[in-house]
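J.: In full-length UniProt numbering, the protein residues as written are 1 to 230.
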Amino acid sequence: MRKISIAIDGHSSTGKSTLARQLAESLGYVYIDSGAMYRAVALFALRNDLIDGSVNEAGLIEALRDMDVSFGLNSQTGRTEIHLNGENVEQEIRTIEVSSYVSEVAAIPEVREKLVKLQREMGRQKGVVMDGRDIGTVVLPEAELKLFMTAAPETRAARRYKELLDRGEDITYEEVLKNVRHRDHLDSNRAVSPLKQAEDAICLDNSDMGLKEQFERVRSFANRILNAKK
Ligand code: CDP
Ligand code: CDP
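(1) Should H185 be labelled buried (16 or more other beta-carbon atoms within 10 Å of its own) or exposed?
(2) Quick check on H11: does DSSP put it in helix, strand or coil?
(3) For D192, verify whether its CB is less than 7 Å away from any heavy atom of ligand 1.
(4) Would you check whether ligand 2 has a heavy atom nearer than 7 Å to the C-beta of E163?
(5) Just the C-alpha distance for G123 and S5, rounded to the nearest angstrom, thanks.
(6) Should N206 be counted as a contact of ligand 3 given a C-beta to heavy atom distance under 7 Å?
(7) Confirm the yes/no value for this check: CB of K16, any heavy atom of ligand 2, distance under 7 Å.
(8) With respect to 7 Å, is the separation between the Cβ of L211 and the closest non-hydrogen atom of ligand 2 below this value?
(9) How should G15 be labelled, buried or exposed, when 16 other C-beta atoms within 10 angstroms of its C-beta is the threshold for buried?
(10) Among S34, L46, E113 and P109, which one has its Cα closest to the Cα of G10?
(11) For A222 versus L118, is the C-beta spacing smaller than 8 Å?
(12) Give the straight-line distance between the Cα atoms of N179 and D208, rounded to the nearest whole angstrom.
(13) Could you tell me if the beta carbon of S34 falls within a distance shorter than 7 Å of some heavy atom in ligand 2?
(14) Is Y38 near ligand 1, with its Cβ less than 7 Å from a heavy atom?
(15) How about A36 and I82: are their beta carbons less than 8 Å apart?
(16) Got a sec? Which residues, its chain only, sit under 6 Å from I51 by beta carbon, not counting five neighbours each side?
(17) Locate the alpha helix (DSSP H) running through residue 231, then write down its first and last residues.
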């Protein structure tokens with residue numbers, strides 16, 4: 001059976017990565033978490049004093065040349081995880097501190113140029129499920145299945161708040177909601193490849209939809225495309 005590419009874009013905490021992983025596992029495809037790559041660059045900036053209230057753009061652009069952002073396989077979980085200069089930083093990139101700056105970092109054209117190039121290389125062979133903000137519009141415009149996921153900000157913040165509490169972060173629901181809204185705003189209004197629904201994407205509002213229902217629905221879209229291609 002021929003392989004297809006699946007692009008999943010949408011707002012923060014809509015379940016993009018959960019769905020992308022489920023699809024990749026069920027189809028035997030590779031999952032690529034493009035957001036983790038932007039988070040790794042933001043983590044680099046935080047660790048190297050390139051953020052002091054706001055991002056030192058010139059310093060970060062200069063540092064990009066020698067920065068290595070890649071994925072490595074975790075042999076225990078069988079999952080691919082993000083590496084920054086060879087170090088596995090899958091856990092460190094998920095903090096609220098990284099979330100606070102990642103959208104500023106992701107709005108820098110030079111950062112996007114570097115990461116989009118890597119993402120296109122990873123997506124070239126088909127058989128990939130990639131999630132992010134500009135996958136269907138910019139990174140994999142030729143993807144056979146494109147989804148645009150959204151849900152009410154309060155629902156999304158509640159989901160993310162629960163995750164952060166489970167990780168032991170000292171945070172309030174209001175802070176998480178503020179971060180979700182802030183990132184939605186920056187991601188949707190930046191000059192370079194803003195978050196927007198691709199014309200040929202299927203929009204999925206999962207405010208009242210569970211993970212199982214969401215997966216089954218999308219898996220049936222994928223089956224339809226795969227069966228038509230046989
Ligand atoms: O928190 P969530 O899982 O929704 O976000 P993420 O996928 O980890 O992405 C973190 C941030 O990276 C987003 O808020 C965007 O600012 C940026 N991003 C982007 O600009 N383009 C992408 N393709 C993926 C992420
Ligand atoms: O990748 P993205 O930020 O879009 O979302 P995620 O990390 O896949 O999901 C964020 C949280 O929302 C996870 O804890 C999911 O289990 C949860 N979620 C949910 O409960 N119901 C949905 N329909 C979608 C996500």
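Don't be surprised by glycine CBs; every beta carbon is placed ideally from N, CA and C.
Please read all numbers here as calculations on a predicted model, not as lab measurements.
T.: Let me lay it out:
(1) Translated into positions along the sequence shown, residue 185 becomes position 185. Exposed is the call here.
(2) Translated into positions along the sequence shown, residue 11 becomes position 11. Looking at H11 - three-state DSSP - the assignment turns out to be coil, as it is neither helix nor strand.
(3) On the sequence shown, residue 192 is found 192 positions in, with the first residue counted as 1. Note on residue identity: the sequence assigns Val, not Asp, to residue 192. Checking the Cβ of V192 against ligand 1 gives no.
(4) Numbered from 1 along the sequence shown, position 163 holds the residue referred to as residue 163. Within the cutoff, so yes.
(5) Reading the sequence shown from its first residue, position 123 is the one you call residue 123. Reading the sequence shown from its first residue, position 5 is the one you call residue 5. Each residue's Cα considered, the two are about 8 Å apart.
(6) Looking for ligand 3 in the displayed structure turns up nothing; the ligands present are ligand 1 and ligand 2.
(7) As a first step, residue 16 must be located in the sequence shown, where it is residue number 16. Indeed, a heavy atom of ligand 2 lies less than 7 Å from the Cβ.
(8) Translated into the one-based positions of the sequence shown, residue 211 becomes position 211. True, at least one ligand heavy atom lies under 7 Å from that Cβ.
(9) Taking the first residue of the sequence shown as 1, we reach residue 15 at position 15. So G15 ends up on the buried side.
(10) Residue 10 sits at position 10 when you count from the first residue of the sequence shown. Answer by Cα proximity: S34.
(11) The count along the sequence shown starts at 1 and reaches residue 222 at position 222. The count along the sequence shown starts at 1 and reaches residue 118 at position 118. Taking 8 Å as the Cβ cut-off, A222 and L118 do not qualify as a contacting pair.
(12) Counting from 1 along the sequence shown, the entry for residue 179 is found at position 179. Counting from 1 along the sequence shown, the entry for residue 208 is found at position 208. Going from the Cα of N179 to the Cα of D208 covers about 22 Å.
(13) Counting from one through the sequence shown, the residue named residue 34 turns up at place 34. No.
(14) Translated into the one-based positions of the sequence shown, residue 38 becomes position 38. It does: the Cβ of Y38 is within 7 Å (strictly closer) of some heavy atom of ligand 1.
(15) Along the sequence shown, one-based indexing puts residue 36 at 36. Along the sequence shown, one-based indexing puts residue 82 at 82. Going by C-beta atoms, A36 is nearer than 8 Å to I82.
(16) As a working mapping, residue 51 is identified with position 51 in the sequence shown. Closer than 6 Å at Cβ, skipping near neighbours: A45 and Y101.
(17) The question about residue 231 has no answer here: the residues shown for the chain are numbered 1 through 230.
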